[in-house]
Every structure is written in structure tokens, then in C-alpha cells.
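Going by this note's numbering, the letters in the sequence shown line up with residues 1096 to 1596, in that order.
For each residue, glycine too, the CB sits at the ideal point set by N, CA and C.
Small disclaimer: the values here were computed from a predicted structure and weren't measured.
I have placed the structure first, in the form of C-alpha cells, so that the comments after it can refer back to it.
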Amino acid sequence: MPYVYRHISTTSMAAIFSTKFFRILQTMEPVELKDFETWLQSPWCNTNKNLIRLLTRLKPYYPGFSDTKLTKEKLFRQVLPDGKFSERRMNNLLSEAYLAAEKFLVFQRFSGEHHLQKELLIQEFQSRELDDWFFRDACCEIDRLESREVKDWKDHLSLLRLHRRMYHHPGQGLRGQAGHATVVQMGAQIDLLYLLEKAAVINEMIFRNRLFEEEPHDVPSELNKWFTAADGIRHPALELYRMRFADAGEENLLPQFLQLQTAFLERFDALNAREQNIHLLSLLNDAKQLIKTGALDITESLPLYQLGLTTGAVLNQGKMTSNTYLTIVTASNTKGTFDFTGHFTGTYTVCLAEEVRDDCARWADAHTAYWRNGPESCLAILQGYEFRAPNFQLIGRVLATQAYFDLYLKDASYHAYLFHSFDTFEKWLNRDKIWSKSNMTAFLRFVQISRTLAKYYTDPDPDPKNLENILDQELNIQALNWLKLKREEVLRLKTKRPSSI
């Protein structure tokens, strides 16, 4: 019997923390929790005093709610000391608490939506036949929105709704008046809404076609419709979309990118926050493609990433992907802006998913040490840490190989270390079956080209022509920027010291 009782208590404890009410409480910031408590204490918002006592009893467990001693029965006794414990009654109380939390979140969101509040008030004036108030407030809201130099999609949508509501008001004859501009304004707002939203969708289609072969979106057909609808309509964001959607062959990708980047930065302040993010992320995706093919140096992407940090475009609800983190560290260190690297890692490492945070931070430390203090410092960090995630084991080996390569260029005694690194790296790639074919090819080519450069350095009578075009056709290779730097360094060293090895 004691064993059964203990099992029930554990189950009850686990069940209470898995309820929706606890999950929603965990998402609340401390100030939100305080506001929610105030909300519950208002008779207009809540008539169940038990919910107030429930939250009061739960606050000491916030935010983790992980105390193993807290059970449904114990909580019931604290909230309803005079009642007889009932699991169903406790569940009903938690369900009612969750519904109250839902209403609080809706109200909190509504409190920050000026557009919606004003529109609903104007609608209420109309439904109550307070026409003078209706037209007064509708006109004032239209003037306020039109005066904004930069409008977001909510502004355009509100303008459309307000003009439409005025135009179709049953008590006024606007539709019967010649020369009235309301219908023209309705058309202008809906045109902008359509063009901006449709352009964002087409832009995403282009990106997905590039990324996924199984998603063959008919982009040309969509673009024909868009260009037809956009004819003659001027807007800063539309101008950028026109430039982006212009047909540019593969040979013109870099000029188009540079032109778009310049135009984007010139128009940045004239774009709303959403359009800023869309065009910035599009440019970053373009930059990744150009960097991968070697057409753009990775350091050239750093100003865009820095702008993305300022605007929050490279964060998703405060979170950052490990790929973005590593790219920023790589670009900054390669450029030699180590103070920025330190500021970035110190500020944004906490934005990474917890399972990759340590790997990212240690790799960043090793990468910074390589570019700032030299290969010995880099290897000391790498040898003192074991990466957990497979992809970090992979890029960790790349960084170690780069460090051994640099040491080899300084000291021929590292020959054995370097070539042993090449061999073990290659065998490890072929042994593990977790890599995709494309991913494995990129890292194998890194090893093979690095080995070719190392052999050239030891060749007593090398032919520089062997290295002239060695990287020109590489479309899928890891660390292309670094390999180009090492190719130039090897050629320079052999020119200065043809008999040094």
C-alpha cells in the first residue's frame, strides 16, 4: 500500500505541472505575472475568488514550477482549506484559471493595438447612430494615418477599412456625390496591401525554389501578375522588389546584389519595420549564396549582419540559430574586428538554443583565438573541449586542420601532424553515415584542396600554374574564403623562399 500511495503522489505532481495553466504561467515575464494578479483581483475581470488564492499559492513556485512536493491535493488544501479534496474540482479550477489567463493575454494584446481600438470605437459610434462622432473620429484617424511618413501594413489596412466604412455609411450620400475621392483612396490602399504582401510571398517562393527542388513554384507566372498590377505605382519597398525581381543571369548576381544593397541602405528609413526585415534577410540570403561560390568575401556580409542585430531581423523572438551565430563570428574575426566579436558573443550567446550554446561558445573562442592570437592558442582551446553536436565535431575538425596548416607553414616539423590530420579527417567523414552527400562533399573537398596546397609547399620545384585555377570551379566546398587566403600565402612564401623546405 505505501508503494501505491507514493506512485499516486508522483503522478499527481507530474500531472499538475503538465497542465495548460502552468505552461502559460511559465511564459509570463515577472511584470506580466503581476499584471495578471491585478487582473484577477478586478471583479469586472474575474468573479471567482478561488483563482486569486490559487495564483497567490503558486507564485512562490514561479517560474520553474518544479517542486516535487507540490501535488494537486496539497494545492487544493491551500486554496480550499474547508473543502473536501476532489480531483475533478481541482481540474476544473485549473481549467478556469487557464481561461482567465487566456482572456488576460487577449486583453493585454488588445491594449497595445491602437488601430483596432480606434476602429472598434468608430464602429460602435456608427452602430449607435452617433454619426457626428463617427465621422469626426474616422476623419481624425484617417488624417493621423496619412500623416505618417512610413506606413506599415496595419496602417494601409486601417485606411482601407475607414474609407470603406465612410463610403458605405447608410446615412450619408457619399456614393452619390460626384468627384468624391473616397473610392479612389480605397483602391490605392488595397493596391498597396496586395502588392507588398504578394511581393513578399513571391520573394519567399524564389528562395524556396532555390532551396528545395521538390517545391517548383511557378515564379514567372506570379511575377507577370505582380508586374502588371504594380505598373505605375511608386513606393520605396516596391522599387526594391522591382530591382530584386529583375531578370539577372548567374553572371550578374554580384552586380545585382551590390546594387540592391546600396538601394536598400539608401531607402532604409523609408521602409516600415517588416519591409526592412524582409529586404535585409533577402540580402543576407543572397550574400550566403555569393560567399559559397566565392564571388563575395565573407567579411562583406558583416555590416548587413550588424544591421540585422540592430533591427532584430536575425533573431526570431529573441532566439538566434547556430548558423547565424557562427557566420557572424567568422565574418568578424576574418575581418579582424575582435572587439565586435567579443561584444557579440558576450551579448548573443544566451540567445542560442541551450543544447548548442556551449558548443557555439567554445568554437567561437577557438576561432577568435586562431585569428587573433595564432594557431597554438586555438588548438589549446580545441584540445581542452569535446564537442557534443555532430556538426560542431565537424567544424571543430576543420578549425583544428586550419591551425595545423598554419603551424606547418611556419615549422616543417608539423608535417606529420598536418598530414595525419588530413587522413583521419577523411576517414572519419567516410566512416560516419550521418552526413548528407552534399555536406560530406563540401568537407572532403576542403581536405583534398588543403592537402594539395600543403604538398605544393613541400614541392622542391613547384609550378605556380597548378594553383592558379584550383578553386575557380568549386561550388560546394567548406572554408572557401580561408582556402583562397592560404593559396595566396603559399604562392607568396614559395616565391620568396623557393628552397626553404
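Own chain residues within Cβ distance below 7 Å of residue i, not counting five before or after
i, result
"Gly1199", "Per the sequence shown, residue 1199 should be read as Phe rather than Gly. Correct list, in chain order: Phe1131, Trp1134."
"Met1415", "Val1409, Tyr1443, Cys1446, Leu1447"
"Leu1477", "Ala1461, Gly1491, Leu1494, Ala1495"
"Phe1202", "none"
"Lys1383", "none"
"Phe1487", "Asp1454, Trp1458"
"Ile1328", "Asp1286, Leu1290"
Host alpha helix (DSSP H) of residue i (start-end)
i, result
"Phe1202", "1182-1206"
"Arg1256", "1248-1262"
"Asn1635", "Only positions 1096 to 1596 of the chain appear in this structure, which leaves residue 1635 out of reach."
"Ile1490", "1485-1505"
"Val1451", "1449-1467"
"Tyr1420", "1417-1430"
"Ile1476", "1470-1478"
"Ser1545", "1532-1553"
"Tyr1512", "1510-1526"
"Cys1140", "Neither: Cys1140 is in no alpha helix (DSSP H) and is coded neither H nor E."
"Ala1332", "1331-1340"
"Glu1625", "Since the first residue of the chain shown is 1096 and the last is 1596, residue 1625 is not available in this structure."
"Gln1351", "1348-1362"
"Thr1388", "1368-1388"
"Gly1403", "1397-1406"
"Glu1241", "1226-1241"
"Glu1219", "1209-1222"
"Tyr1443", "1433-1443"
"Gln1121", "1115-1121"
"Leu1170", "1167-1174"
"Leu1562", "1560-1563"
Beta-carbon contacts of residue i that lie in its chain and below 8 Å, excluding the five residues immediately before and after
i, result
"Glu1584", "Leu1504"
"Ile1217", "Phe1229, Asp1232, Ala1233, Glu1236, Leu1257, Arg1260"
"Val1314", "Ile1297, Met1300, Ile1301, Asn1304"
"Ile1103", "With a pLDDT of 35 at Ile1103, under the threshold of 50, the modelled position of that residue is not reliable, and no figure is offered here."
"Gln1221", "Phe1229, Arg1260, His1264"
"Leu1566", "Gly1389, Ile1544, Ile1572, Leu1575, Leu1578, Lys1579, Arg1582"
"Ser1533", "Asn1571"
"Asn1141", "Trp1134, Leu1135, Ile1147, Ala1195"
"Pro1097", "Only weak support exists for where Pro1097 lies, its pLDDT of 37 falling under 50; the value from the coordinates is given anyway. Cβ within range, chain order: n/a, list empty."
"Gln1354", "Met1338"
"Thr1406", "Ala1368, Gln1371, Asn1372, Leu1375"
Contact under 7 Å by Cβ, residue i with residue j
i, j, result
"Leu1399", "Leu1378", "yes"
"Glu1521", "Val1542", "yes"
"Phe1538", "Gln1573", "yes"
"Cys1455", "Ala1464", "no"
"Pro1064", "Ile1529", "Residue 1064 lies beyond the residue range present for the chain, which begins at 1096 and ends at 1596; the question has no answer from this structure."
"Thr1357", "Ile1393", "no"
"Val1451", "Ser1427", "no"
"Tyr1499", "Leu1489", "no"
"Val1659", "Leu1149", "Here the chain comprises residues numbered 1096 to 1596, so residue 1659 is not present and cannot be evaluated."
"Phe1117", "Phe1171", "no"
"Leu1480", "Arg1457", "Leu is not the amino acid found at residue 1480; the sequence shown has Tyr there. Yes."
"Leu1146", "Ala1192", "yes"
"Leu1376", "Leu1385", "no"
"Leu1255", "Leu1240", "no"
"Pro1311", "Arg1362", "no"
"Lys1318", "Phe1352", "The question names Lys, but residue 1318 is Leu in the sequence shown. No, these two residues do not count as a Cβ contact at 7 Å."
"Thr1114", "Leu1189", "yes"
Other residues of its chain near residue i: CB distance less than 6 Å, five sequence neighbours each side excluded
i, result
"Gln1280", "His1258"
"Gln1121", "Pro1158"
"Ala1276", "none"
"Ala1295", "Ile1373"
"Tyr1100", "In this predicted model, Tyr1100 has a pLDDT of only 31, less than 50, meaning its place in the structure is not dependable enough to derive any value."
"Gln1212", "none"
"Thr1440", "Ala1459"
CB-CB length for residue i against residue j, believed under 8 Å
i, j, result
"Asn1372", "Ala1408", "4 Å"
"Val1095", "Thr1442", "Outside the displayed span of the chain (1096 to 1596) sits residue 1095, for which this structure offers no information."
"Leu1333", "Ala1325", "6 Å"
"Phe1517", "Arg1467", "Between Arg1467 and Phe1517 the Cβ distance is about 25 Å, and since that is not below 8 Å, they are no contact."
"Pro1559", "Leu1586", "6 Å"
"Leu1335", "Phe1359", "6 Å"
Residue-level contact to chain C via CB, residue i, 7 Å cutoff
i, result
"Glu1219", "Looking at the structure shown, chain C is missing, and only one protein chain is on hand."
> Do the segment 1365-1373 and the segment 1548-1555 touch if we need at least three Cβ pairs shorter than 8 Å?
Replying inline: A contact is defined here as three or more CB-CB pairs under 8 Å, and the segment 1365-1373 fails this definition with respect to the segment 1548-1555.
>> Does the segment 1285-1293 come into contact with the segment 1238-1251, if we say contact requires no fewer than three beta-carbon pairs (one atom in each stretch) closer than 8 Å?
In response: Between the segment 1285-1293 and the segment 1238-1251 there are three or more C-beta pairs closer than 8 Å, enough to call the two in contact.
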